[in-house]
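Undergrad:
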Amino acid sequence: MYLFVQTFNIPLSSLIMVAIGFDRYFCICHPFLHAVTVPRAKWCVGILTVIAALIGIVPMLSHGVYHPVVRQVNVTLSSPPAQVRASTTPFSDGLFVQPLPVYNVDPGESINYKTGSLDALATTPVTPMDEVKLDVDVGQWVVLMNVTEVDYFGICIYTYFLLSEQFVDMYLKVYASLFLVEFIVLALLYALIYRSILARRAWKNKRKRTSCYTSTNCPETVAEETQLTHLNGAATETVLLKAHTEKMSTAMMDRALYANIKTAAMLFVVTVVFVISFLPSWLMGLKLLPFSYIAFYMFYINNVVNPIIYAFMNRTFRDDLVQLLRSCVRRY
C-alpha cells in the first residue's frame, strides 16, 4: 500500500501542475475564451485522479514478500508417462555400467510432483527441460522436474509473480517518459505565457506613446473639450464620463491581468521546485545516477516547500506576518 500511495501521489501532483499550467495559459493568453470553468475543472481533477490511481496500481502488484522460486524435484512414477522417447541406449555391452537411460517427455504432460501421479488437473506441466529416467533395479520411472513454488521472502522487493518482467519494464519506460512529456508541456505553456506578457506590455507602451494615454494636458484633448463646451454645453460631461468609465474598465482588466500574472509566476516557482526535487529520483530510476537514499527521497521536500511558496508570495500573508513580528518585538 505504501508503494501505491507514493506512486499515486507523485504522478497526481505532476498532472495537476500541467492542468494548472493550461489554466494559467487560458486566463492570460485567452482571457475571453472562458475555457476553464468550475465543472470542467472538477471533471479534469477527477480524470487525473483516476489516471494516477491506475499508475499507482502497477508498483503495488509488482512488489511483494512472496516470490516464485524454481526448484528441481525428483518424482517417482509407478507407470511411464505417455509418448516417452528414449534418447540413450538403456543397456551396455556388459563390461561397463551405463548410467540410467534418459527419456524426454513431450511438453504439456502434467505430473503432480507431490503425489507422483499423472494428473490432468496438476498445476506443473512438464517442460522440454524435464528428464525422465528408468530405474532398472526397481522398475520405476524417475522424473527430474523444474517446479515453481511460492516462498515467503520477508522483504518487499520486485516480484514477477502477478505481472511479467516484460510488462514491468514497459511500465517503467512509460512512467519515466510521462514526466519528460509533462516537463516539455509545462515549459511550452510558460514560454507562451511569457511571450503573451511581453506582447501585451509592448502594446501598452505603444498605446501610451501614440495617443497621449498618460498626458492630461495634451493640446488636442484641451481643444476638443473647449469646442464641445461652447457648442454643446453639458456634452463635455458626457464625454468625460464615458472616457472615465472606459479608463476604469481598462484599469480593472489590467489589475485582473496583473493578478493572473502573479499567480502564474507563483505556480511557475512551484513547478521549478517540483522538477528540482523529483529530478534525482527520476534519474536514479533510469539508472543514470548511482542510488542514494537522501537524493532519492528529496521529492518529499516539495511537500514542505509548497506551503512556504504559497504563503510568502501572498502579499496579505506577508503583511500580516510583518505586523505579527512587529507586535512581538514591541511586546518584548
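Mapping to the working numbering: the sequence shown position 76 is 973, numbers consecutive.
All C-beta atoms, glycine included, are put in the ideal place defined by N, C-alpha and C.
Quick caveat, the model's predicted, so the values are computed rather than measured.
Give the straight-line distance between the Cα atoms of Ser1061 and Val1201, rounded to the nearest whole angstrom.
TA: The alpha-carbon atoms of Ser1061 and Val1201 are separated by roughly 37 Å.
Undergrad: Specify whether the region 1089-1102 and the region 1168-1181 touch according to this definition: at least 3 beta carbon pairs, one from each stretch, less than 8 Å apart.
TA: With the cut-off at 8 Å, the region 1089-1102 and the region 1168-1181 do not touch.
Undergrad: For Ala1019, which of helix, strand or coil comes out of DSSP?
TA: Bear in mind that a pLDDT of 39 at Ala1019, under 50, signals an unreliable position, so the number given afterwards is only what the model happens to contain. Three-state result, Ala1019: coil.
Undergrad: Could you check which residue in Lys1103, Ile944, Phe1214, Val1082 has the C-alpha nearest to that of Phe1165?
TA: Selected option, being the one with the closest Cα: Val1082.
Undergrad: Excluding the five sequence neighbours on either side, which residues of its own chain have a C-beta within less than 8 Å of the C-beta of Ile1094, listed in chain order?
TA: Excluding sequence neighbours, Ile1094 sits near Ile925, Ile1158.
Undergrad: Is the beta carbon of Leu900 less than 7 Å from the beta carbon of Pro965?
TA: No, they are not a contact pair.
Undergrad: Below 8 Å on the Cβ atoms is my contact criterion, and I expect Tyr922 with Leu1086 to pass it. Report the Cβ-Cβ distance as a whole number of Å.
TA: 5 Å between Cβ atoms; contact.
Undergrad: So for Pro1204, helix, strand or coil by DSSP?
TA: Helix, per DSSP.
Undergrad: Determine the DSSP secondary structure at Tyr1057, reduced to helix, strand or coil.
TA: It is coil, neither helix nor strand.
Undergrad: How would you label Ala932, buried or exposed, when you count the other beta carbons within 10 angstroms and need 16 or more for buried?
TA: Exposed, by the Cβ-count rule.
Undergrad: Evaluate the contact criterion for the region 908-920 versus the region 943-954: three or more CB pairs, one atom per stretch, below 8 Å.
TA: The answer is yes - the region 943-954 touches the region 908-920, with three or more Cβ pairs under 8 Å.
Undergrad: Relative to the alpha-carbon of Pro908, which residue among Phe1214, Glu1079, Tyr1049, Ile1206 has its alpha-carbon at the smallest distance?
TA: Nearest of Phe1214, Glu1079, Tyr1049, Ile1206 to Pro908, Cα basis: Glu1079.
Undergrad: Under three-state DSSP, which class holds Lys1184?
TA: Reduced to three states, the DSSP call for Lys1184 is coil.
Undergrad: Would you tell me roughly how many angstroms separate the C-alpha atoms of Phe1171 and Ala1084, rounded to the nearest one?
TA: One C-alpha to the other measures close to 13 Å.
Undergrad: Could you give the residue range of the alpha helix (DSSP H) that holds Val935?
TA: Note, Val935: alpha helix (DSSP H), 935-958.
Undergrad: Just mark Thr1107 as buried or exposed, buried being the case when its beta carbon has 16 or more other beta carbons within 10 Å.
TA: With fewer than 16 Cβ atoms within 10 Å of its Cβ, Thr1107 is classed as exposed.
Undergrad: Can you list, in chain order, the residues of its chain with a C-beta nearer than 8 Å to that of Gln1220? Leave out the 5 residues immediately preceding and following it.
TA: The answer is none, since no qualifying residue turns up.
Undergrad: Could you tell me whether any non-hydrogen atom of the ligand GTP is closer than 6 Å to the CB of Thr934?
TA: Because no ligand of any kind appears in the structure shown, any question about the ligand GTP cannot be addressed here.
Undergrad: So is Val935 buried or exposed if we call it buried at 16+ other beta carbons inside 10 Å?
TA: It is exposed - the Cβ of Val935 has fewer than 16 other Cβ atoms within 10 Å.
Undergrad: Quick one: give me the first and last residue of the alpha helix (DSSP H) that Pro908 is part of.
TA: Where Pro908 is concerned, the enclosing alpha helix (DSSP H) stretches over 899-926.
Undergrad: When you compare each of Thr904, Phe905, His927 to Arg1092 by their alpha carbons, which one comes out closest?
TA: Out of Thr904, Phe905, His927, His927 has the C-alpha closest to the C-alpha of Arg1092.
Undergrad: By how many angstroms is the C-alpha of Ser1074 removed from the C-alpha of Met1067?
TA: Distance between the alpha carbons of Met1067 and Ser1074: 11 Å.
Undergrad: Around the C-beta of Phe905, are 16 or more other C-beta atoms found within 10 angstroms, so that it is buried, or is it exposed?
TA: Buried: at least 16 other Cβ atoms inside 10 Å.
Undergrad: Just reading off the alpha helix (DSSP H) that Ala1192 is part of, what are its end residues?
TA: Per DSSP, Ala1192 belongs to the alpha helix (DSSP H) from 1190-1193.
Undergrad: Check whether the Cβ atoms of Tyr1190 and Tyr1049 lie closer than 7 Å to each other.
TA: Their beta carbons are not under 7 Å apart, which means Tyr1190 does not touch Tyr1049 by this criterion.
Undergrad: Let me know if Val1167 comes out buried or exposed under the rule of 16 or more other beta-carbons within 10 Å of its beta-carbon.
TA: It counts as buried.
Undergrad: Give the single residue among Leu1186, Phe1193, Ile1198, Val1226 whose Cα lies nearest to the Cα of Val1169.
TA: It is Ile1198.
Undergrad: For the candidate residues Ala916, Ala1161, Thr1213, Cys1053, whose alpha-carbon lies nearest to that of Ala1088?
TA: Considering only alpha carbons, the answer is Ala1161.
Undergrad: State the Cα-Cα distance for the pair Val1065 and Ser959, rounded to the nearest angstrom.
TA: Val1065 and Ser959: Cα-Cα distance of roughly 7 Å.
Undergrad: Quick one: using the 10 Å Cβ neighbour count with 16 as the cut-off for buried, is Cys1225 buried or exposed?
TA: Cys1225 comes out exposed.
Undergrad: Can the beta-carbon of Pro1204 be found less than 7 Å from the beta-carbon of Ala1192?
TA: Not a contact, by the Cβ cut-off of 7 Å.
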